[in-house]
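With positions in the sequence shown counted from 1, the corresponding number in the numbering used here is that position plus 3.
We put the CB at the ideal spot given by N, CA and C, even for glycine.
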Amino acid sequence: MSSTSTEVDLTDPAGLKTQDYQHIDQAHVWHPLYQHQNLEQSQLTVFEQGEGVFLTDSDGNRYLDAYSGLWNVNVGYGRQEIADAVYQQIQKLPYYPLSQINKPAALLAQRLADLLPGSLNHVFFSNSGSEANETAIKMARQYGRQRFPKENRYKIISRYRGYHGFTYGAMSATGQARRKIPYEPLAPGFKHVHPLKVEEIEQVIQWEGPQTVVAVIAEPIIGGGGVIIPPDDYFPRLREICDKYKLLLIIDEVITGFGRTGELFACHHWDLQPDIITLAKGITSGYLPLGACVSTDQVFEAFMGSSDDRLEFEQVCTYGGHPVVCAAARANLDILTREKLWKNAAQVGTYIRQKLHPLVELPIVKEVRGKGLMIAIELMEADGSNLATASTNLITQELKEYGILVGKIGHALEEPENILFLAPPLILTLEQADRIIDAVTTVISQH
Ligand SMILES: Cc1ncc(COP(=O)(O)O)c(C=O)c1O
Numbered sequence: 004m005s006s007t008s009t010e011v012d013l014t015d016p017a018g019l020k021t022q023d024y025q026h027i028d029q030a031h032v033w034h035p036l037y038q039h040q041n042l043e044q045s046q047l048t049v050f051e052q053g054e055g056v057f058l059t060d061s062d063g064n065r066y067l068d069a070y071s072g073l074w075n076v077n078v079g080y081g082r083q084e085i086a087d088a089v090y091q092q093i094q095k096l097p098y099y100p101l102s103q104i105n106k107p108a109a110l111l112a113q114r115l116a117d118l119l120p121g122s123l124n125h126v127f128f129s130n131s132g133s134e135a136n137e138t139a140i141k142m143a144r145q146y147g148r149q150r151f152p153k154e155n156r157y158k159i160i161s162r163y164r165g166y167h168g169f170t171y172g173a174m175s176a177t178g179q180a181r182r183k184i185p186y187e188p189l190a191p192g193f194k195h196v197h198p199l200k201v202e203e204i205e206q207v208i209q210w211e212g213p214q215t216v217v218a219v220i221a222e223p224i225i226g227g228g229g230v231i232i233p234p235d236d237y238f239p240r241l242r243e244i245c246d247k248y249k250l251l252l253i254i255d256e257v258i259t260g261f262g263r264t265g266e267l268f269a270c271h272h273w274d275l276q277p278d279i280i281t282l283a284k285g286i287t288s289g290y291l292p293l294g295a296c297v298s299t300d301q302v303f304e305a306f307m308g309s310s311d312d313r314l315e316f317e318q319v320c321t322y323g324g325h326p327v328v329c330a331a332a333r334a335n336l337d338i339l340t341r342e343k344l345w346k347n348a349a350q351v352g353t354y355i356r357q358k359l360h361p362l363v364e365l366p367i368v369k370e371v372r373g374k375g376l377m378i379a380i381e382l383m384e385a386d387g388s389n390l391a392t393a394s395t396n397l398i399t400q401e402l403k404e405y406g407i408l409v410g411k412i413g414h415a416l417e418e419p420e421n422i423l424f425l426a427p428p429l430i431l432t433l434e435q436a437d438r439i440i441d442a443v444t445t446v447i448s449q450h
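So this is what it looks like as structure tokens:
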């Protein structure tokens, strides 16, 4: 390998200004969940740089990112350690598929197995949360056929309001009508239940016939569907139901994993043992794309046999276990565990919720809820109905003018959409929390 290094020019092509990027973008970039006709009236922001919890746009405006990108920049922006790990690995071995071994993937899988509860020891890598769930769904169905060859176990129970991804299987498990309707018919064999009534799951299993059901998939706390927190007995009871009917429990920790809810994994809140756990987002803090589907020894064993038995998992992912991405994930996990960021999330999250709770006295605020740094503020009209989407949008816009970026529920429930999300990086200090609290209090009080 040549040791000469070449300078790469990352500066703007000559003279391009914010408006030029907006024009280029408008002409060529298709944005998610976005009505492009609206670009005629209001332009999107060009983000240029991130440092800690702050972002700077191309006009030099600074914002506190109280949504961590998309719930995922857990260790904050600008971590040199991750950049260095990526740089070193990309020089050493930029790519080789997992048909053989690469060191960062092996070490990351070992690390995940150490951190995860119980015997979640076997990691299938992919590139996103959707793919992690897609993998889990396929794994569960194949497990069903191989473990119960005389039965017909393929149905998967999931929850309304839950989100599991944009690919067909993950979307079929998703319980948000608007994101699915244009693409129906979806994959068969997905049955949806109320997000908080655990007994309904047993009822559906009985009505469907237990010998046809293979798994239940659930987010520990429904995220994009509104930060819906289950009662404390929900997951212990769900575990019992799954055991009783020999179903796999797939827990989607794509948002909640890696400290967001005040524990390293949300499963820890209830001592919950999943059979399969899916991970993405915080696994690299968004620095590079990575998804992981991790199964227990018991699930893994159903895929063992001679070559003639054809029991192996029939899936390949070109970039799954990419060495550079896994190196980034390892550096990210080093930071997260060294700084015990879930503890900060628990402390600062409790502080924010306590300070924001009095807002329920205002006629516009229905509820402030959350766990750790996963917080929702639900808004309402004077008559108690959901606040109009336009008013919720205006509040997020005004907060942005205050320099605070918050999230907002989008396309996840029937309009009007009335829920704001706070999910800042887990490094947030109490002083930075005060900035969020002050801005939210001021803006919401004016409505
Ligand atoms: C709980 C949950 N699962 C899965 C996904 C899909 O992840 P990705 O967008 O990385 O495909 C998301 C994305 O927001 C999510 O919130």
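No Cβ-Cβ contact shorter than 8 Å links W345 with G226.
Its chain contains Y166 and H167 as the residues whose beta carbon lies nearer than 6 Å to that of T177, once the 5 sequence neighbours on both sides are disregarded; these appear in chain order. The alpha carbon of H125 has as its nearest neighbour, out of C245, I160 and D278, the alpha carbon of D278. H325 is bridged by DSSP to nothing; it lacks a bridge partner.
Judged by DSSP in its simplified three-state form, R65 adopts strand. Leaving aside the five residues that flank E418 on each side, the residues in its chain whose CB is nearer than 6 Å to its CB run, in chain order, T392. Residue pairing by DSSP places M377 opposite K374 in a beta bridge. Taking a contact as a CB-CB distance under 8 Å, the pair I398 and A442 does not count as one, their CB atoms being some 10 Å apart.
Under DSSP, L314 forms no beta bridge with any residue. In the three-state reduction of the DSSP assignment, S129 falls in the strand class, which pools E and B. According to the DSSP assignment, T445 belongs to the alpha helix (DSSP H) that extends over L433 to S448. In the three-state DSSP reduction, K343 falls in the coil class, being neither helix nor strand. For E51, the three-state secondary structure derived from DSSP is strand.
Annotation for G172 indicates a beta carbon at 7 Å or more from all heavy atoms of ligand 1. For T281, the uninterrupted beta strand (DSSP E) run begins and ends at I279 to L282, by DSSP. Within the segment 382 to 415, the complete alpha helix (DSSP H) runs of at least 4 residues fall at 392 to 404. Straight across, the Cα-Cα distance linking V363 with R164 is about 23 Å. In terms of side-chain proximity, the C-beta atom of Y166 is found nearer than 7 Å to a non-hydrogen atom of ligand 1.
Between the segment 227 to 237 and the segment 412 to 427 there are three or more inter-stretch CB-CB distances shorter than 8 Å, so the stretches are counted as touching.
In this structure the segment 252 to 265 lies against the segment 277 to 296, because at least three pairs of beta carbons, one per stretch, are closer than 8 Å. About 6 Å separates the beta carbon of I440 from that of I355, a gap short enough to meet the 8 Å contact definition. At a cut-off of 3 residues, the continuous stretches assigned as beta strand (DSSP E) that sit fully inside the segment 150 to 189 are 158 to 162. In terms of Cα proximity to E187, the closest of L199, K374 and G172 is G172. DSSP, read as helix, strand or coil, puts S71 in helix.
Annotation for P213: Y248 place their beta carbon closer than 7 Å to its own, counting only its chain and skipping 5 residues before and after. Going by DSSP, K249 is part of no beta strand (DSSP E) at all; its letter is neither H nor E. By the CB criterion at 8 Å, A331 and G132 fall outside the cutoff.
Listed as beta-bridge partners of S122 by DSSP are no residues whatsoever. For A218, the pairing in a beta bridge is given by DSSP as I159 and L251. Following the DSSP letters along the chain, one finds A295 inside the beta strand (DSSP E) bounded by residues G294 to T299.
V319 counts as exposed, since fewer than 16 other beta carbons sit within 10 angstroms of its beta carbon. For D23, the enclosing alpha helix (DSSP H) has its first and last residue at T21 to H31. Using a Cβ distance threshold of 8 Å, V328 and L293 count as a contacting pair. Rounded to the nearest angstrom, the gap between the Cα atoms of G55 and Y66 is 11 Å.
Each of A436, L359 and S122 was checked against the Cα of E304, and the nearest Cα belongs to S122. Taking non-hydrogen atoms of ligand 1 into account, the C-beta of E222 is found less than 7 Å away from one of them.
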